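For the sequence shown, position 46 matches number 474 in the working numbering, and the numbering has no gaps at all.
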Amino acid sequence: MFTDLIAAIEECRFRALTERTGNKPKRYLSIVQKKHGFMEVVETGWARRANLPIMYSVGCDRYHTVLPEAR
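Structure (structure tokens):
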């Protein structure tokens, strides 16, 4: 859980570049808004299925995309 947007974006970038699951070469992660102003980094597919408001994403368009390589 994050309250600072910059820290949440950095965590999302870091996890997108370092984490691997199974045979998938890359995970698509998003920052979603939680209750009371908290933010959380979750997989984009899970956020879509749970109908959570996506603030930023890494790797998927249509959601204020933040590129993991850019600083």
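Here a beta-carbon is modelled for each residue, glycine too, at the ideal position from N, C-alpha and C.
Every value quoted in this text rests on a predicted model; they were computed, and no experiment measured them.
Selected residue, minimal CA-CA separation from residue i, among the options
i: residue 431; options: 463, 443, 456, 458; result: 463
i: residue 479; options: 446, 460, 436; result: 460
i: residue 429; options: 482, 458, 466, 435; result: 466
Boundaries of the beta strand (DSSP E) in which residue i is found, first to last residue
i: residue 471; result: 467-471
Rounded distance between the beta-carbons of residue j and residue i, thought under 8 Å
i: residue 486; j: residue 444; result: 4 Å
i: residue 472; j: residue 456; result: 4 Å
i: residue 482; j: residue 458; result: 5 Å
Identified DSSP bridge partners for residue i
i: residue 430; result: 467
i: residue 484; result: 459
Nonlocal neighbours in the same chain, by C-beta distance under 8 Å from residue i, ignoring five residues either side
i: residue 447; result: 455
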